[in-house]
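*Asks:* Would you mind keeping the following structure in view while I ask a few things?
There are 2 protein chains.
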Amino acid sequence: MRQFVVLGHEVPLTADLSLDDLTGAGRLDVLCRCVTSAFCLSHAIREDTRVWLVLQDEFTIRFEGSELRNLNPDERSTAALVRGALDEKDGAIGHMAAESSPGVSISRRGLAGVLDELDGTLLELHEAGGPVVESDVPGDPAFVLSDHRNFTAREAELLAERADRRVRLGPERLHADHAITVAHNWLDTGGFARY
Amino acid sequence: MRQFVVLGHEVPLTADLSLDDLTGAGRLDVLCRCVTSAFCLSHAIREDTRVWLVLQDEFTIRFEGSELRNLNPDERSTAALVRGALDEKDGAIGHMAAESSPGVSISRRGLAGVLDELDGTLLELHEAGGPVVESDVPGDPAFVLSDHRNFTAREAELLAERADRRVRLGPERLHADHAITVAHNWLDTGGFARY
Numbered sequence: 077m078r079q080f081v082v083l084g085h086e087v088p089l090t091a092d093l094s095l096d097d098l099t100g101a102g103r104l105d106v107l108c109r110c111v112t113s114a115f116c117l118s119h120a121i122r123e124d125t126r127v128w129l130v131l132q133d134e135f136t137i138r139f140e141g142s143e144l145r146n147l148n149p150d151e152r153s154t155a156a157l158v159r160g161a162l163d164e165k166d167g168a169i170g171h172m173a174a175e176s177s178p179g180v181s182i183s184r185r186g187l188a189g190v191l192d193e194l195d196g197t198l199l200e201l202h203e204a205g206g207p208v209v210e211s212d213v214p215g216d217p218a219f220v221l222s223d224h225r226n227f228t229a230r231e232a233e234l235l236a237e238r239a240d241r242r243v244r245l246g247p248e249r250l251h252a253d254h255a256i257t258v259a260h261n262w263l264d265t266g267g268f269a270r271y
Numbered sequence: 077m078r079q080f081v082v083l084g085h086e087v088p089l090t091a092d093l094s095l096d097d098l099t100g101a102g103r104l105d106v107l108c109r110c111v112t113s114a115f116c117l118s119h120a121i122r123e124d125t126r127v128w129l130v131l132q133d134e135f136t137i138r139f140e141g142s143e144l145r146n147l148n149p150d151e152r153s154t155a156a157l158v159r160g161a162l163d164e165k166d167g168a169i170g171h172m173a174a175e176s177s178p179g180v181s182i183s184r185r186g187l188a189g190v191l192d193e194l195d196g197t198l199l200e201l202h203e204a205g206g207p208v209v210e211s212d213v214p215g216d217p218a219f220v221l222s223d224h225r226n227f228t229a230r231e232a233e234l235l236a237e238r239a240d241r242r243v244r245l246g247p248e249r250l251h252a253d254h255a256i257t258v259a260h261n262w263l264d265t266g267g268f269a270r271y
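In order, the protein sequences belong to chains V and D. Using my numbering, read the first sequence as starting at 77 and increasing by one per residue. Using my numbering, read the second sequence as starting at 77 and increasing by one per residue.
What follows is the structure in structure tokens.
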């Protein structure tokens with residue numbers, strides 16, 4: 077299982093966001109591309125992948141690759157899935173999730189709550205991390221990334237405490253969705269070895 | 077200079093396409109993500125990059141990294157740049173390009189015409205190619221990729237004739253925009269060596 081936790085700091089927690097202005101909706105476009113980068117292969121879905129979108133450290137939308145039915149590679153239709161999940165947020169009570177469409181559910185959880193759910197190797201993607209190629213390829217990696225904002229002090233502290241490794245994917249600072257694509261490629265190729 | 081040639085087989089050649097339905101506009105969403113993957117770094121543009129969107133083998137929209145001013149990472153605003161270029165296509169006469177916004181221009185050229193303009197090493201991204209890591213990192217690479225469709229017989233023939241190398245980026249079939257991200261990472265790291 078590959079997992080990606082993406083921290084959205086500014087996406088509004090209301091379902092009345094406009095699909096015509098995803099950048100204006102707290103840069104929801106970034107999060108949508110993270111979801112599609114995590115799941116979309118050419119004419120296939122990566123079923124062994126799970127994505128957690130943590131919104132304002134308060135609600136988390138989970139996408140489960142093995143159950144997803146309506147995911148398309150474009151931003152707008154993915155944003156509609158996010159909007160649908162936000163529309164169900166009152167049904168999320170305690171840590172019980174509310175499902176809004178196949179494979180998509182929302183729960184009342186921040187980053188700490190999501191980290192509690194993860195198993196496998198926790199990797200923080202960070203420009204100050206070590207080269208990813210110096211690290212062996214974990215069997216069940218969970219990557220944590222931030223949207224267009226840096227990690228907050230509290231998030232950075234949590235990750236420093238909980239992450240197994242801090243790695244970087246190259247000399248350039250990548251968008252979160254591009255980082256997910258590179259991370260998948262590193263895993264697909266067993267560390268750039270199998271093609 | 078890094079160049080990416082992306083073949084769009086179904087995008088309509090009219091400027092009246094709807095920004096609310098990019099997938100319905102011949103999968104323009106795919107081409108828009110190719111453009112943003114080629115240029116967008118976190119808070120920066122890759123200035124030493126050029127993208128050619130070849131539309132129906134008839135018109136080509138060129139994006140010049142060093143001149144781009146209004147490119148944002150989301151699909152919709154990038155689609156507006158494509159629409160703006162299509163709006164200027166009557167001004168493209170012979171091989172003379174018409175500029176529609178800073179760094180964006182359209183010309184009457186198909187794939188063959190674009191290949192004539194390329195210098196450097198021509199790489200065809202193809203699932204039957206050799207592992208990219210077995211290839212040295214060229215100084216001025218030009219990659220050719222296709223949208224959600226395979227190369228047509230004519231395109232495949234042209235590429236077989238003109239490409240210097242045929243490479244693959246991993247064992248999975250990637251979307252074109254994800255392939256661009258991986259190709260950049262390969263180049264950024266000098267063949268997964270420099271981080």
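Glycine is no exception: its CB is placed at the ideal position from the N, C-alpha and C atoms. Every value quoted in this text rests on a predicted model; they were computed, and no experiment measured them.
7 Å is my cut-off, CB to CB: does residue 118/V come that close to chain D?
*Replies:* Taking the first sequence and counting its residues from 1, one reaches residue 118/V at position 42. With 7 Å as the cut-off, residue 118/V counts as an interface residue toward chain D.
*Asks:* Could you spell out the range, first to last residue, of the beta strand (DSSP E) harbouring residue 81/D?
*Replies:* Start at 1 with the first residue of the second sequence, and residue 81/D comes out as number 5. Per DSSP, residue 81/D belongs to the beta strand (DSSP E) from 78 to 84.
*Asks:* Just checking: is the beta-carbon of residue 193/D within a distance shorter than 7 Å of some beta-carbon in chain V?
*Replies:* As a first step, residue 193/D is located in the second sequence; it is residue number 117 there, counting from the start. Judged by the 7 Å Cβ criterion, residue 193/D is not in contact with chain V.
*Asks:* Would you verify that the beta carbon of residue 223/V is, or is not, closer than 7 Å to some beta carbon of chain D?
*Replies:* Walking along the first sequence from the start, residue 223/V turns up at place 147. Chain D, which has no Cβ nearer than 7 Å to the Cβ of residue 223/V, makes this no.
*Asks:* Residues in the same chain with beta-carbon distance under 6 Å from residue 161/D, minus the five sequence neighbours each way, listed in chain order, please.
*Replies:* In the second sequence, the residue the question calls residue 161/D occupies position 85. Correct list, in chain order: 137, 176, 180 and 182.
*Asks:* Just how far apart, CA to CA, sit residue 110/D and residue 98/V?
*Replies:* As a position in the second sequence, residue 110/D is number 34, starting the count at 1. As a position in the first sequence, residue 98/V is number 22, starting the count at 1. The straight-line gap from Cα to Cα measures roughly 18 Å.
*Asks:* Cβ closer than 8 Å: which chain D residues qualify as neighbours of residue 251/V?
*Replies:* Position 175 of the first sequence, counting from 1, holds the residue named residue 251/V. What residue 251/V touches in chain D: 116, 117, 118 and 149.
*Asks:* Among 170/D, 118/D and 141/D, whose alpha-carbon lies nearest the alpha-carbon of residue 184/D?
*Replies:* Taking the second sequence and counting its residues from 1, one reaches residue 184/D at position 108. Selected option, being the one with the closest Cα: 170/D.
*Asks:* Return the first residue and the last residue of the alpha helix (DSSP H) that residue 187/D is part of.
*Replies:* In the second sequence, the residue the question calls residue 187/D occupies position 111. 187 to 193 is the extent of the alpha helix (DSSP H) around residue 187/D.
*Asks:* Measure from the C-beta of residue 226/D to each C-beta in chain V and report whether the shortest distance is under 7 Å.
*Replies:* Walking along the second sequence from the start, residue 226/D turns up at place 150. Not closer than 7 Å to any Cβ of chain V, the Cβ of residue 226/D fails to qualify, so no.
*Asks:* Taking 7 Å as the limit between beta carbons, can you name the residues of its chain near residue 186/D, skipping five residues before and five after?
*Replies:* Along the second sequence, one-based indexing puts residue 186/D at 110. Within the same chain, residue 186/D has close Cβ partners 130, 133 and 134.
*Asks:* Considering Cα atoms alone, identify which of 210/D, 156/D and 115/D is closest to residue 268/D.
*Replies:* The residue you call residue 268/D lines up with position 192 of the second sequence. Per the Cα distances, 210/D.
*Asks:* Looking at C-beta atoms only, is the number of pairs between the stretch 109 to 128 of chain D and the stretch 244 to 253 of chain V that lie closer than 8 Å three or more?
*Replies:* Segments in contact, yes.
*Asks:* What does residue 217/V reach in chain D if we use C-beta pairs closer than 8 Å?
*Replies:* For the purposes of this step, residue 217/V is taken as residue 141 along the first sequence, with counting starting at 1. Chain D residues near residue 217/V: none, gap ~16 Å exceeds 8 Å.
*Asks:* Taking residue 113/V as the query, report the chain D residues whose CB atoms sit under 7 Å from its CB, ordered along the chain.
*Replies:* Numbered from its first residue, the first sequence carries residue 113/V at position 37. Residues of chain D passing the Cβ test: 254.
*Asks:* Are the Cβ atoms of residue 225/D and residue 85/D separated by less than 7 Å?
*Replies:* Position 149 of the second sequence, counted from the first residue, corresponds to residue 225/D. Position 9 of the second sequence, counted from the first residue, corresponds to residue 85/D. Yes, the Cβ-Cβ distance between residue 225/D and residue 85/D is below 7 Å.
*Asks:* Pull up the distance between the alpha-carbon of residue 238/V and that of residue 140/D, whole angstroms please.
*Replies:* Within the first sequence, residue 238/V is the residue found at index 162, counting from 1. Within the second sequence, residue 140/D is the residue found at index 64, counting from 1. Rounded to the nearest angstrom, the two C-alpha atoms are 43 Å apart.
*Asks:* So, for residue 88/V: in the same chain, excluding its five sequence neighbours on each side, which residues have a beta-carbon less than 7 Å away from its beta-carbon?
*Replies:* By one-based count along the first sequence, residue 88/V stands at place 12. Answer for residue 88/V: 101 and 102, listed in chain order.
*Asks:* Who are the neighbours of residue 124/V on chain D, taking C-beta pairs under 9 Å?
*Replies:* As a position in the first sequence, residue 124/V is number 48, starting the count at 1. Correct list: empty, because the minimum Cβ distance to chain D is about 12 Å.
*Asks:* Thinking just about the alpha-carbon of each residue, which of 271/V, 77/V, 91/V and 214/V is nearest to the one in residue 202/D?
*Replies:* Within the second sequence, residue 202/D is the residue found at index 126, counting from 1. Among 271/V, 77/V, 91/V and 214/V, the Cα nearest to that of residue 202/D is on 271/V.
*Asks:* Just the C-alpha distance for residue 151/D and residue 223/D, rounded to the nearest angstrom, thanks.
*Replies:* In the second sequence, residue 151/D corresponds to position 75, counting from 1. In the second sequence, residue 223/D corresponds to position 147, counting from 1. Roughly 15 Å separates the two Cα atoms.
*Asks:* Would you mind telling me which residues of chain D sit closer than 7 Å to residue 261/V, beta carbon to beta carbon, in chain order?
*Replies:* Within the first sequence, residue 261/V is the residue found at index 185, counting from 1. Result: 245, 246 and 258.
*Asks:* With distances taken from CA atoms, which of 231/D, 114/D, 215/D and 220/D is nearest residue 332/D?
*Replies:* Nothing in the structure corresponds to residue 332/D, since chain D is present only between 77 and 271.
*Asks:* State the DSSP-derived secondary structure class of residue 120/V, mapped to helix, strand or coil.
*Replies:* Here residue 120/V is taken as the residue at index 44 of the first sequence, counted from 1. Reduced to three states, the DSSP call for residue 120/V is strand.
*Asks:* What residues of chain V sit near residue 268/D, judged by a beta carbon separation below 8 Å?
*Replies:* Residue mapping note: residue 268/D aligns to position 192 of the second sequence, counting from 1. Near residue 268/D (Cβ distances below 8 Å), the residues of chain V are 209 and 268.
*Asks:* May I have the straight-line CA-CA distance separating residue 227/D from residue 82/D, to the nearest angstrom?
*Replies:* For the purposes of this step, residue 227/D is taken as residue 151 along the second sequence, with counting starting at 1. For the purposes of this step, residue 82/D is taken as residue 6 along the second sequence, with counting starting at 1. Taking the straight line from one Cα to the other gives about 10 Å.
*Asks:* Beta carbon of residue 178/V, beta carbon of residue 143/V: below 7 Å?
*Replies:* Position 102 of the first sequence holds residue 178/V. Position 67 of the first sequence holds residue 143/V. Yes, these two residues count as a Cβ contact at 7 Å.
*Asks:* Only counting the same chain, and skipping five residues up and downstream in sequence, which positions put a Cβ closer than 6 Å to that of residue 167/D?
*Replies:* Here residue 167/D refers to the residue found at position 91 when the second sequence is read from its first residue. Around residue 167/D: 174.
*Asks:* Where do the ends of the beta strand (DSSP E) carrying residue 198/D lie?
*Replies:* As a working mapping, residue 198/D is identified with position 122 in the second sequence. Its beta strand (DSSP E) spans residues 197 to 207.
*Asks:* Alpha carbon to alpha carbon, how far is residue 154/D from residue 197/D? Give it in angstroms, no decimals.
*Replies:* Numbered from 1 along the second sequence, position 121 holds the residue referred to as residue 197/D. Numbered from 1 along the second sequence, position 78 holds the residue referred to as residue 154/D. Roughly 27 Å between the two C-alpha positions.
*Asks:* Which residues in the same chain have their Cβ closer than 7 Å to the Cβ of residue 149/D, if we skip the five residues on either side of it in sequence?
*Replies:* The residue labelled residue 149/D in the question sits at position 73 within the second sequence. Once the five neighbours on either side are set aside, the close Cβ partners of residue 149/D are 112 and 116.
*Asks:* Using a Cβ-Cβ cut-off of less than 7 Å, list which residues of the stretch 89 to 101 of chain V approach chain D; keep chain order.
*Replies:* Against chain D - using a Cβ distance shorter than 7 Å - the residues of the stretch 89 to 101 of chain V are 96, 98 and 99.
*Asks:* Cβ of residue 232/V within 7 Å of Cβ of residue 194/V?
*Replies:* The sequence position of residue 232/V within the first sequence is 156, counting from 1. The sequence position of residue 194/V within the first sequence is 118, counting from 1. In this structure, residue 194/V does not lie closer than 7 Å to residue 232/V by Cβ.
*Asks:* Would you mind sorting residue 105/D into buried or exposed? The rule is 16 or more other CB atoms within 10 Å of its CB.
*Replies:* Indexing the second sequence from 1 puts residue 105/D at position 29. That one is buried.
*Asks:* In the DSSP assignment, find the beta strand (DSSP E) that holds residue 126/D and state where it starts and stops.
*Replies:* On the second sequence, residue 126/D is found 50 positions in, with the first residue counted as 1. Per DSSP, residue 126/D belongs to the beta strand (DSSP E) from 125 to 131.
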